[in-house]
Structures are given as C-alpha cells and as structure tokens.
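As structure tokens, the structure follows; a few thoughts come after it.
Number of protein chains: 4
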Amino acid sequence: MNVEEIYIWESEVRDNETDLQGIVNNSNYFIYMAHTRHKHLKMLGVDFAEVAQQGYNLVLVHTEISFRDSLRSGDLFSVTSKIETKGKVRVVFLQKVIRLSDKKVVAEATNTTTCIHTQTGRPRFPEGIKKLFWG
Amino acid sequence: MNVEEIYIWESEVRDNETDLQGIVNNSNYFIYMAHTRHKHLKMLGVDFAEVAQQGYNLVLVHTEISFRDSLRSGDLFSVTSKIETKGKVRVVFLQKVIRLSDKKVVAEATNTTTCIHTQTGRPRFPEGIKKLFWG
Amino acid sequence: MNVEEIYIWESEVRDNETDLQGIVNNSNYFIYMAHTRHKHLKMLGVDFAEVAQQGYNLVLVHTEISFRDSLRSGDLFSVTSKIETKGKVRVVFLQKVIRLSDKKVVAEATNTTTCIHTQTGRPRFPEGIKKLFWG
Amino acid sequence: MNVEEIYIWESEVRDNETDLQGIVNNSNYFIYMAHTRHKHLKMLGVDFAEVAQQGYNLVLVHTEISFRDSLRSGDLFSVTSKIETKGKVRVVFLQKVIRLSDKKVVAEATNTTTCIHTQTGRPRFPEGIKKLFWG
Numbered sequence: 001m002n003v004e005e006i007y008i009w010e011s012e013v014r015d016n017e018t019d020l021q022g023i024v025n026n027s028n029y030f031i032y033m034a035h036t037r038h039k040h041l042k043m044l045g046v047d048f049a050e051v052a053q054q055g056y057n058l059v060l061v062h063t064e065i066s067f068r069d070s071l072r073s074g075d076l077f078s079v080t081s082k083i084e085t086k087g088k089v090r091v092v093f094l095q096k097v098i099r100l101s102d103k104k105v106v107a108e109a110t111n112t113t114t115c116i117h118t119q120t121g122r123p124r125f126p127e128g129i130k131k132l133f134w135g
Numbered sequence: 136m137n138v139e140e141i142y143i144w145e146s147e148v149r150d151n152e153t154d155l156q157g158i159v160n161n162s163n164y165f166i167y168m169a170h171t172r173h174k175h176l177k178m179l180g181v182d183f184a185e186v187a188q189q190g191y192n193l194v195l196v197h198t199e200i201s202f203r204d205s206l207r208s209g210d211l212f213s214v215t216s217k218i219e220t221k222g223k224v225r226v227v228f229l230q231k232v233i234r235l236s237d238k239k240v241v242a243e244a245t246n247t248t249t250c251i252h253t254q255t256g257r258p259r260f261p262e263g264i265k266k267l268f269w270g
Numbered sequence: 271m272n273v274e275e276i277y278i279w280e281s282e283v284r285d286n287e288t289d290l291q292g293i294v295n296n297s298n299y300f301i302y303m304a305h306t307r308h309k310h311l312k313m314l315g316v317d318f319a320e321v322a323q324q325g326y327n328l329v330l331v332h333t334e335i336s337f338r339d340s341l342r343s344g345d346l347f348s349v350t351s352k353i354e355t356k357g358k359v360r361v362v363f364l365q366k367v368i369r370l371s372d373k374k375v376v377a378e379a380t381n382t383t384t385c386i387h388t389q390t391g392r393p394r395f396p397e398g399i400k401k402l403f404w405g
Numbered sequence: 406m407n408v409e410e411i412y413i414w415e416s417e418v419r420d421n422e423t424d425l426q427g428i429v430n431n432s433n434y435f436i437y438m439a440h441t442r443h444k445h446l447k448m449l450g451v452d453f454a455e456v457a458q459q460g461y462n463l464v465l466v467h468t469e470i471s472f473r474d475s476l477r478s479g480d481l482f483s484v485t486s487k488i489e490t491k492g493k494v495r496v497v498f499l500q501k502v503i504r505l506s507d508k509k510v511v512a513e514a515t516n517t518t519t520c521i522h523t524q525t526g527r528p529r530f531p532e533g534i535k536k537l538f539w540g
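Residue numbers (the working numbering), protein chains in the order written: chain A, 1 to 135; chain B, 136 to 270; chain C, 271 to 405; chain D, 406 to 540.
So this is what it looks like as structure tokens:
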C-alpha cells in the first residue's frame, strides 16, 4: 500500500542540539523523524494527541538507522517520510534526513510502528486509522 | 573479543522525558544508551570529551533497536552495555534498557560505532583506543 | 511555612547535555530543577502524574535563575529544593545546583509554581495538596 | 543602545516537547529563546560556534521568565528578541514567546548574557562583538 507518496518536513539545527563535538547529537535525528511522522499522520487526518486521548498509543516497535554524516550548527535539513503497511498491525515509515546545502543523506531509517490499545495493552488501531491504512 | 563483561548504569525516569501519552519518549532510550556507552568507555580509560579535543569524534554509524515496552514517570531502570569489535574500525555495543521493578527488557539494541579523524574525515581510532580494542 | 527542611537530588552530567562549548546547556539546569521539585513533592505524597490525571496541572508561573558557573562532561552535582508558600495559590521552590567536586553553587533559582484546574483554567489546588501546604 | 529593533523567529511545537500534562515542558521555552538569541546574533554577524572556537563562551548569567500560558501539540509560535546593553560586559535580551493563533504572550523573559574568555575565566568580549554592542 502507498498511502501517500512522500511527506517532507524542513527545519534547521538548533545550537542546543549539537554536542561537545560540534555535531548534532544522534538523539535529535530520532526526534526529527518522530516529528515528521506525526506531521505526516496529521496530514492524513490522524492527530497524535487526539488518538492518545482516545486511549490508543501510537508507538515505535523497531527502528533501524544508518548514520552517514553529521549535521552541524546552523545547517538546514529536510526529513522525508514514506509509509508502507506490514501485516495487519504494523505501519512502517521509511525516512531520510537530508542536508539541504549538498543534498547529502545524513541518516536513513526504517521505523516500524504499531498502535497499542492502552486498556488491553494489545496492538489495535482505532477504526479510522485502520480504514486509512488497510482500506 | 570481550573487553569487559558487561557495564551497567542505573537511573530513573525524569518527568520531562515522558510525552503526552504518559510514557517515556523513545528518543530518551537513545540518550540513556549513549550515556551508558560513554560511561562504559570511561571505565575502560577512554574519555569522550578528551578524545574530541584530540581531533577524533566517536560516532554511531548504525543503530537497531527493538522497543518491547515503555517506561513511565518515576520508573527506575538499568542500561547494560557489552562491547564487541567488528572488523578493524567498528566497535559494537549490545545494549538493553531494563525496568528494575519487574526486570522486563523495555528496549534492546545493537549500536555500531566508529571513530572519525576530524581532519581527514575518515575512520581512524587514536592509538590508545586501538590498542584497547584490537590489542 | 516550612514543609520540609531541604530536599536534595544527586546526579551526574550526561554528555548529550553539553553543547558545542563543552559546557552543560542551561536548559538542563532547568530540567534538573524541575525533576528535583517533582521528587520533593513525591516525598511529600504528591505525585505529579496522578495530579495531572485528576485534571490539575502543576505549573511554573515564574522563574528567576542566576548562573554562576558551568557544569561539564562527567561532573557530579546535587540540586536542592526548599519550599515556601506565598499567598494562597503560590508555592515557591528555592533551589540550587551545586557541583559536588568543589561545592560551588553553579546555579541558584527562585521557582514559583501554582496549580491550574484544567477544566476552569483557573488556579486551584486539589484538597490534599492544599492541606499539605496551607494546613 | 538599540542594536536591532526586534528579531523574530517562528516555529511549531514538536510532540516530544510536550509532557504528560499535554503541554509544552517549560525547558523548551528556554531552548526556543536561546535559539532565537543565536539567530539574532548571527543576523548581526556573530556566529555562536565560531566565537566558541576562538576561545570565548557566550553565556547566560541571569534569566527571569514569567510563564503566562502553555503551548500545546501542534501550536505555531514566534519568539522575539530585543537587545539592550547594561554596563560594559552585559548584553540583555528582552524576549517573548507568542502563540500565533491568538497572539497571546505565553512567556516573557529578561535574559542577561556575558562573554567568558575561556583561558582567563573572566568576562571579556572579542573585539568584533565589543564594537558591535558598545561602538
């Protein structure tokens, strides 16, 4: 399935995100990608905060990231997100962090998510999201 | 090679680390594991800040994490670190985040690192670290 | 009123908290102090997460911090918290961040908090907390 | 002195910045304002990372913030910065965080900074910055 071709979020490095090596701390690529996933979902009509209030937690179950280069203070970058479903309870986000100045892929990731029904603790998507991803 | 059996760091969740779902934001497991790697290295005589000042950046090149459960506000946890070398320029950290109350493995990761000589931009370890890991 | 003499939390700098100057980014002192306030409240029987679930948000309304020195990678520190009430809806935390190696006060703060009843949007404390602070 | 009328930075809340109350954790207003100060300085020709490399640390010595409301998931906001000098070694940033939807001032701050010459540990600005602020 191909819900949406590709969603792209653009931003810039904040100095508090760099570490004593002068490069962006890896945890921030993680944060950038999560934010882009939420924005991507929102564009598809799924609001992360609302889903949480309804008793469902959208969670990451697996991540695999290759770090190819580092962003630095002041760098502009984009983060891409492409969605694929996997079985009946997995939504996979293929994501890249790209430095805008030279189009270099700084990080590339496969982020696998699911939805946990907080009352039962089991994977289950609300109807709206289920329909969106599995038709 | 088995530099050191297992290094363990213990800590507790800070409320700013939880998100609007009431669970720890995944980026923090990433931060916990990085901190534990630095502590593990320090115990072996490698100081992250000093290495940076000498013109070498210890960097993550690949991470693979399985998230099995979530920590919550106030939870105590431990993070483990076990080192394996891979080829001549890769140091792999096998890591787990464990909730102390029930010993549940919350996250399990394979974090692959290298050392970049900042002047040349190429992988190269300072002599001391090289000796430590490859004898 | 003097609810509790002084609460003290001890911890150590994590490398992700330092910035490209090699010193701890100021936002972290803020986080350390908030965590210490939550721990102090918990010791007094007030759980931040539970209070939120009951429809009350404990919030900071004013902060004043003097930064006298900087913590660095690996530094151990303590954060103190002393509570004073101010009028009927203000709880003031007098706090210090102290470097353990030389007992130097790195940051000193007056943090003024209140409790917002989320339904009405007005300052109001749950009965239990009211009794605790105003007897 | 009035170096520059007002510098404005616009952004949006990232979900990892909200806490279990569903509102932005206060430490983030701190980060937003620091980023805006750095952007303001950069516009005036002062690069935070370069200054650090030259052996000078631009640091906050005092902050006073009034928190009047809270940003939530998805909120757009702007942060303003207005510079005033104070004596010969203090640069004061008057700053506001404003929610764009209703122009409400969410936080208002007076952030006082100086420049530390890392070798001597004493307040001293590099010539270029000195000229910029004190003519």
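Even glycine gets a Cβ: it sits at the ideal position worked out from N, Cα and C.
Test: residue i CB closer than 8 Å to a CB of chain C
i: residue 455(D); result: no
i: residue 57(A); result: no
i: residue 22(A); result: yes
i: residue 417(D); result: no
i: residue 18(A); result: yes
Cutoff 8 Å: residue i Cβ touching any chain B Cβ
i: residue 430(D); result: yes
i: residue 285(C); result: yes
i: residue 343(C); result: yes
i: residue 452(D); result: no
i: residue 301(C); result: yes
i: residue 67(A); result: yes
For residue j and residue i, the rounded distance between their alpha carbons
i: residue 155(B); j: residue 539(D); result: 46 Å
i: residue 183(B); j: residue 87(A); result: 42 Å
i: residue 522(D); j: residue 46(A); result: 50 Å
i: residue 498(D); j: residue 256(B); result: 38 Å
i: residue 533(D); j: residue 73(A); result: 21 Å
i: residue 108(A); j: residue 97(A); result: 6 Å
i: residue 494(D); j: residue 463(D); result: 11 Å
i: residue 175(B); j: residue 419(D); result: 32 Å
i: residue 482(D); j: residue 437(D); result: 10 Å
i: residue 410(D); j: residue 488(D); result: 8 Å
i: residue 103(A); j: residue 215(B); result: 36 Å
i: residue 100(A); j: residue 341(C); result: 34 Å
i: residue 465(D); j: residue 459(D); result: 18 Å
i: residue 456(D); j: residue 400(C); result: 49 Å
i: residue 7(A); j: residue 524(D); result: 47 Å
i: residue 428(D); j: residue 27(A); result: 21 Å
i: residue 383(C); j: residue 91(A); result: 41 Å
i: residue 197(B); j: residue 191(B); result: 18 Å
i: residue 177(B); j: residue 305(C); result: 26 Å
For residue i, the first and last residue of its enclosing alpha helix (DSSP H)
i: residue 27(A); result: 27–43
i: residue 5(A); result: Premise fails: residue 5(A) is in no alpha helix (DSSP H) and is neither H nor E.
Cutoff 8 Å; reference residue i; Cβ partners in own chain excluding five residues on either side
i: residue 132(A); result: 3, 44, 45 and 46
i: residue 160(B); result: 152, 153 and 154
i: residue 443(D); result: 453
i: residue 473(D); result: 509, 510, 511, 512 and 513
i: residue 123(A); result: 89, 114, 115, 116 and 117
6 Å CB neighbourhood of residue i in its chain, flanking five on each side removed
i: residue 406(D); result: With a pLDDT of 47 at residue 406(D), under the threshold of 50, the modelled position of that residue is not reliable, and the figure given next carries that caveat. 490.
i: residue 530(D); result: 520
i: residue 334(C); result: 380
i: residue 415(D); result: 483
i: residue 66(A); result: 108
CB contact below 8 Å: residue i versus chain D
i: residue 38(A); result: yes
i: residue 353(C); result: no
i: residue 34(A); result: yes
Residues sharing a beta bridge with residue i, DSSP
i: residue 123(A); result: 116(A)
i: residue 281(C); result: 347(C)
i: residue 240(B); result: 233(B)
i: residue 158(B); result: 207(B)
i: residue 286(C); result: Answer is none; residue 286(C) lacks a bridge partner.
Beta strand (DSSP E) segment containing residue i, residue limits
i: residue 185(B); result: First-last for residue 185(B): 183–188, but that is the alpha helix (DSSP H), not the beta strand (DSSP E).
i: residue 271(B); result: Residue 271(B) lies beyond the stretch modelled for chain B, which goes from 136 to 270, so this question has no answer here.
i: residue 94(A); result: 90–99
i: residue 63(A); result: 56–67
Min CB distance residue i to chain A below 8 Å
i: residue 199(B); result: yes
i: residue 195(B); result: yes
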